[in-house]
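Structure first, then comments.
Number of protein chains: 2
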Amino acid sequence: MNGAVQGFYAVVPAGGAGTRLWPLSRTAAPKFLHDLTGAGRSLLQSTWDRLVPLAGPDGVLVVTGQVHEAAVRAQLRDLPASNLILEPSPRESMAAIGLAAAVLAERDPDAVLGSFAADHAVADQQLFEQAIRQAVAAARAGEFVTIGITPTRPSTGFGYIRCGQHLAIDGAPDAMRVEEFVEKPDVATAEQYLASGRYRWNAGMFVVRADVLLTHLRTHHPLLHEGLVTIARARATADYDRILADVWPGLTRIAIDHAIAEPVAAGGGVAVVPGAFGWDDVGDWQSLADLLPQDGAGTSGVQVLGDAAQVLGHDASGLVVPTAGRMVAVLGVEDVVVVDTPDAVLVTTRAHAQEVKGLVDALKRSGRDDLT
Amino acid sequence: MNGAVQGFYAVVPAGGAGTRLWPLSRTAAPKFLHDLTGAGRSLLQSTWDRLVPLAGPDGVLVVTGQVHEAAVRAQLRDLPASNLILEPSPRESMAAIGLAAAVLAERDPDAVLGSFAADHAVADQQLFEQAIRQAVAAARAGEFVTIGITPTRPSTGFGYIRCGQHLAIDGAPDAMRVEEFVEKPDVATAEQYLASGRYRWNAGMFVVRADVLLTHLRTHHPLLHEGLVTIARARATADYDRILADVWPGLTRIAIDHAIAEPVAAGGGVAVVPGAFGWDDVGDWQSLADLLPQDGAGTSGVQVLGDAAQVLGHDASGLVVPTAGRMVAVLGVEDVVVVDTPDAVLVTTRAHAQEVKGLVDALKRSGRDDLT
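Just so you know, the sequences run in chain order Y and X. Residue numbering for the first sequence is 1 to 372, as defined by our numbering. Residue numbering for the second sequence is 1001 to 1372, as defined by our numbering.
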């Protein structure tokens, strides 16, 4: 069970604004570039740390916007230059992952790739690796494999996967057939899902042979497939920048879930490997507060993400994120969330964490894009 | 009723840390130097504006710490240099006001002085002037006169004055004898005071002939009187700085209330002129919020002291004080108080405004005097 998995490549689409984590997450410095768990590493760096044991340092590819090139290179010093794929503009996850698959297929016809968002958190590395190794085994057998997270609460913030019969795949004893991907449910439905024991969270982690992914893509989105293969074939040539600039803007904007995972699942071609390794998408300040050590409040009474010496609390509870070098004093407030940055400070409550996006929209409407 | 009052001088002791208004009010830049009412003028400047119509620009004296000299000069460009009295160190209000009285007695043996804190707020200038003119008339008749503010609520934050019989003083038709000064009451006692109609708030405003004040001082605190007269007589000489430095540190630290007002009242020598001009000591963020226009919340839902364009609110109420040029966003919080400064931000509620002093004490204990 130790050592990198031969022929396995980890693809990390590093995008997404993380708007609900404003004012820390910004368009110019989105969520994945920040340390949001107090690990001393950004979410992107933690993702790298998690994947190198499986794919080796030469087996991790990052797909990100050209605007983030410098920041990603600075954070991932060991990422080979040839493994950094830069998007001229956002084109959703199918284009990002599909291009990585096409590039890998050129390098290694037997490549198996796994796709993992750059801005999620995983608690248990060993269980994570065990799940991915099973997923790789199932992928080698031709399956399009997703990781199904064992739900720990009736979340309405995630999509779900309905699991069917167990598959008999060598090296993937826990793999099941996916009956259906379902959208984010309401609370009552989520509770039914949890009670049934048949549903798992869709964490957006896919493991699949590059050639299988490209075949599915050609079937369901032939033009997108053709564009991505054209770009990938030019990657090692002097024409790459020109061809990328020519072809990329015309590519279809679609998420990999809708483009491939759902139609292939409908045809019985998707497998799910269960994961109980502790996963979160770190979507908002509420979920971030839940991720932090619950005994970490200390004398201030509040949880602190950052330097606790910059927080003074009395008769208070909640989360304080001091990132501006200033003192944040909280007095007589319960379940508060205070996020302090050099040009903006947010004061809200854990219960209102989901509504932060609305504030950011209001800033944009009022012409304060400099703050978003 | 128009024009300055001949022979009347206004003395403004500008001291007091305003600790409950942290983090805006600091040791180095206390409350009186800040615009806390949104008037576009600091409390000190507003006090100046209020007193010049009564005393003329040459009739206002400011007594403040040497450390605040530059700030006071910068804020009060029209204050004559000879009217700025600098204290080498804090010695409480009797020394500050007594020195001003001794200086004035040297200049004008018939001087009547009024003492008014630099960091209070008055709503109605015309009613204020009417009350002071009555107080001056009573002072000329030899009374030690205080202004008794008509209470509008059973405040437990102010001392009270119990009023007795009306006095028959020409030019002071509303003047009454003071029976007693009483300390800050509990709520039940405050409600009794309010119901009785006999009590008024002690706003710490005194009007008295300089020679009468000095006579009372000599009676009750002869050494303090001697020290202050010694300093005052040297004021116009080359020896002033040396004598001030020699004598000042040995002066008794005592408030004018305890030193003179209370013992003289016990002897039947204090008069009170009622004032219904809208007064507040702007003691904490709660009282400051009450002073601001209640219809000023606007689209953000919160009251803003400062630039409303720096505040973004949704589903929120309370007070936001943005002074650091940053955006302050409040979401889903009721009765919140957010005070944003370049090196510290406070998040509390109106109900906890009184407890801010405890936070400042905690900062001092933890060695963060740089923030206090």
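By construction, the Cβ of each residue, glycine as well, lies at the ideal position given by its N, Cα and C atoms.
Could you tell me the alpha carbon to alpha carbon distance between L44/Y and Q1354/X, rounded to whole angstroms? 44 angstroms
When the Cα atoms are used, what is the spatial distance from H1216/X to I1260/X? 7 angstroms
Could you have a look at H1314/X and say whether DSSP puts it in helix, strand or coil? strand
Using three-state DSSP, classify T64/Y as helix, strand or coil. strand
Note down, in chain order, each residue of its chain lying with its Cβ closer than 8 angstroms to the Cβ of L1224/X, except the 5 sequence neighbours on either side. M1094, A1095, G1098, L1217, L1251, T1252, I1254, A1259
Quick check: the segment 1061-1069 of chain X against the segment 349-368 of chain Y, are there 3 or more CB pairs under 8 angstroms? no
Starting from R177/Y, follow its DSSP beta bridges and name the residues at the other end. A271/Y
Residue from L1312/X, T1237/X, A1111/X, V1136/X with nearest C-alpha to G1171/X: V1136/X
Can you check the segment 85-138 of chain Y for any alpha helix (DSSP H) of at least 4 residues that lies completely inside it and give the ranges in chain order? 92-107
For chain X, is any of its Cβ atoms less than 8 angstroms away from the one on R365/Y? no
What first and last residue would you give for the beta strand (DSSP E) that runs through D241/Y? D241/Y -> not in any beta strand (DSSP E); alpha helix (DSSP H) instead, spanning 240-247.
For the segment 89-106 of chain Y, list every residue whose C-beta sits within 9 angstroms of some C-beta in chain X, in sequence order. none
Pick helix, strand or coil for M1/Y, following the three-state DSSP scheme. With a pLDDT of 45 at M1/Y, under the threshold of 50, the modelled position of that residue is not reliable, and no figure is offered here.
Extent of the continuous beta strand (DSSP E) run through P1013/X: 1008-1014
So does the segment 1115-1126 of chain X actually touch the segment 1025-1042 of chain X, counting three or more Cβ pairs closer than 8 angstroms? yes
Between the CA atoms of R41/Y and T323/Y - distance to the nearest angstrom: 15 angstroms
Bridge partners - Q303/Y, DSSP secondary structure assignment: L319/Y
When DSSP labels each residue in this structure, what does A1329/X get in the three-state scheme? strand
Which word fits R1389/X, buried or exposed, when buried means at least 16 other C-beta atoms lie within 10 angstroms of its C-beta? This structure does not reach residue 1389/X, given that chain X is present from 1001 up to 1372, and the question cannot be answered.
DSSP state of A1203/X, grouped into three classes? strand
With respect to 7 angstroms, is the separation between the Cβ of D1370/X and the closest non-hydrogen atom of the ligand FMN below this value? Summarising the ligand content, the structure contains no ligands, and the ligand FMN is consequently not present.
Taking the alpha-carbon positions, what's the A1195/X to L1288/X distance? 26 angstroms
Environment of R391/Y [buried if 16+ CB atoms lie within 10 Å]: Missing from the structure shown is residue 391/Y; chain Y here goes from 1 to 372 and no further.
If contacts are defined as beta-carbon pairs under 8 angstroms, then G1313/X and V1337/X qualify, I think. What distance do you get, rounded to the angstrom? Contact doesn't hold; Cβ gap of about 13 angstroms is too wide.
The segment 146-164 of chain Y contacting the segment 9-27 of chain Y, beta-carbon criterion three pairs below 8 angstroms: no
Does the separation of the CB atoms of L319/Y and G38/Y fall below 8 angstroms? no
Apply the 10 Å Cβ neighbour rule to A266/Y and answer buried if 16 or more other Cβ atoms are within range, or exposed otherwise. exposed
Cutoff 6 angstroms; reference M1/Y; Cβ partners in own chain excluding five residues on either side: Any reading at M1/Y needs caution, since the residue's pLDDT is 45, under 50, leaving its predicted position unreliable; the model's value is listed next. Cβ within range, chain order: n/a, list empty.
The beta strand (DSSP E) spanning I1147/X covers which residue range? 1144-1149
Using a beta-carbon distance below 8 angstroms, is A351/Y in contact with chain X? yes
Between the CA atoms of T1146/X and V1207/X - distance to the nearest angstrom: 6 angstroms
Range covered by the alpha helix (DSSP H) that runs through I1231/X: 1222-1234
How many Å lie between L1036/X and A1014/X at the Cα? 15 angstroms
Under 8 angstroms between C-beta atoms, does D1340/X make it to chain Y? yes
Beta-carbon proximity of G1332/X to F1144/X, cut-off 8 angstroms: no
Span of the beta strand (DSSP E) holding L167/Y? That residue, L167/Y, is in no beta strand (DSSP E); it is neither H nor E in DSSP.
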